[in-house]
Amino acid sequence: MTLNVDYQVPIRWESATRYYVAVIDRDLLNELVVSRYWGGKWSRIGGALHEVIGSLEDGVAMIQKYDKEREKRGYKVVASHHQ
(Lines of atoms letter the chains of each structure in order from A and count residues from 1; the text may use other names and numbers.)
(Lines give C-alpha, C1' and ligand atoms only; values in the text may rest on other atoms or scores of the structure.)
Protein backbone atom coordinates (compact mmCIF):
# COMPACT_ATOMS: atom_id res chain seq x y z
CA MET A 1 0.00 0.00 0.00
CA THR A 2 1.31 3.46 -0.90
CA LEU A 3 1.43 6.04 1.86
CA ASN A 4 -0.68 9.13 1.14
CA VAL A 5 1.52 12.22 1.68
CA ASP A 6 0.39 15.88 1.71
CA TYR A 7 2.05 19.27 2.18
CA GLN A 8 2.37 20.25 5.88
CA VAL A 9 0.87 16.97 7.13
CA PRO A 10 3.43 15.18 9.35
CA ILE A 11 3.77 11.41 9.15
CA ARG A 12 4.94 9.65 12.34
CA TRP A 13 6.36 6.13 12.53
CA GLU A 14 7.13 4.27 15.74
CA SER A 15 8.88 1.07 16.76
CA ALA A 16 8.86 -0.32 20.29
CA THR A 17 11.50 2.18 21.43
CA ARG A 18 12.00 4.78 18.68
CA TYR A 19 10.09 7.33 16.59
CA TYR A 20 10.60 8.98 13.20
CA VAL A 21 8.65 11.94 11.75
CA ALA A 22 8.73 13.42 8.23
CA VAL A 23 6.88 16.42 6.81
CA ILE A 24 6.98 18.58 3.68
CA ASP A 25 7.03 22.28 4.56
CA ARG A 26 8.69 25.59 3.67
CA ASP A 27 11.78 27.03 5.34
CA LEU A 28 12.49 30.68 6.23
CA LEU A 29 13.60 31.34 2.64
CA ASN A 30 10.27 29.95 1.40
CA GLU A 31 11.95 26.92 -0.16
CA LEU A 32 10.23 23.55 -0.06
CA VAL A 33 11.93 21.18 2.38
CA VAL A 34 11.45 17.70 3.75
CA SER A 35 12.06 17.85 7.49
CA ARG A 36 12.86 14.65 9.39
CA TYR A 37 13.00 14.15 13.14
CA TRP A 38 13.96 10.98 15.01
CA GLY A 39 14.89 9.70 18.42
CA GLY A 40 14.18 7.44 21.35
CA LYS A 41 10.70 7.45 22.85
CA TRP A 42 12.00 7.69 26.40
CA SER A 43 15.17 9.71 25.93
CA ARG A 44 16.18 13.18 24.82
CA ILE A 45 18.59 11.77 22.27
CA GLY A 46 17.48 12.37 18.70
CA GLY A 47 18.12 14.42 15.63
CA ALA A 48 16.70 16.49 12.82
CA LEU A 49 17.51 17.02 9.16
CA HIS A 50 15.99 19.49 6.69
CA GLU A 51 16.53 18.86 2.97
CA VAL A 52 15.63 21.37 0.24
CA ILE A 53 13.58 19.74 -2.52
CA GLY A 54 12.80 20.83 -6.06
CA SER A 55 9.07 20.13 -6.04
CA LEU A 56 6.21 18.79 -3.96
CA GLU A 57 6.36 15.60 -6.02
CA ASP A 58 10.04 15.13 -5.06
CA GLY A 59 9.09 15.44 -1.40
CA VAL A 60 6.25 12.95 -1.72
CA ALA A 61 8.61 10.45 -3.38
CA MET A 62 11.18 10.94 -0.61
CA ILE A 63 8.66 10.35 2.17
CA GLN A 64 7.25 7.28 0.40
CA LYS A 65 10.84 5.96 0.22
CA TYR A 66 11.27 6.65 3.96
CA ASP A 67 8.02 4.76 4.59
CA LYS A 68 9.41 1.64 2.91
CA GLU A 69 12.66 1.95 4.88
CA ARG A 70 10.82 2.40 8.18
CA GLU A 71 8.56 -0.59 7.44
CA LYS A 72 11.60 -2.81 6.76
CA ARG A 73 12.97 -1.81 10.17
CA GLY A 74 9.75 -2.68 12.00
CA TYR A 75 8.22 0.80 12.33
CA LYS A 76 4.48 1.40 11.93
CA VAL A 77 2.70 4.61 10.90
CA VAL A 78 0.98 5.88 14.05
CA ALA A 79 0.03 9.45 13.18
CA SER A 80 -1.06 10.91 9.91
CA HIS A 81 -3.89 13.11 8.72
CA HIS A 82 -4.92 10.22 6.44
CA GLN A 83 -5.47 7.43 8.96
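Quick note on numbering: this note's numbering labels position 34 of the sequence shown as 949, and the sequence is numbered without any gaps.
Note that beta-carbon positions come from the ideal geometry of N, C-alpha and C, so glycine has one too.
None of these values were measured; they are calculated from a predicted model.
* To do: For A937, count neighbouring C-beta atoms within 10 Å of its own C-beta (all shown protein chains included) and say buried if the count is 16 or more, exposed if not.
  => buried
* Could you tell me whether the Cβ atoms of H965 and V948 are closer together than 8 Å? => yes
* Just how far apart, CA to CA, sit V967 and E946? -> 7 Å
* Beta-carbon proximity of G969 to I939, cut-off 8 Å -> no
* Buried/exposed call for D982, threshold 16 Cβ in 10 Å -> buried
* Count the other CB atoms within 10 Å of the CB of I978; is the residue buried (16 or more) or exposed (fewer)? -> buried
* **Residue from L971, S950, R941, I960 whose Cα sits closest to the Cα of R933** => I960
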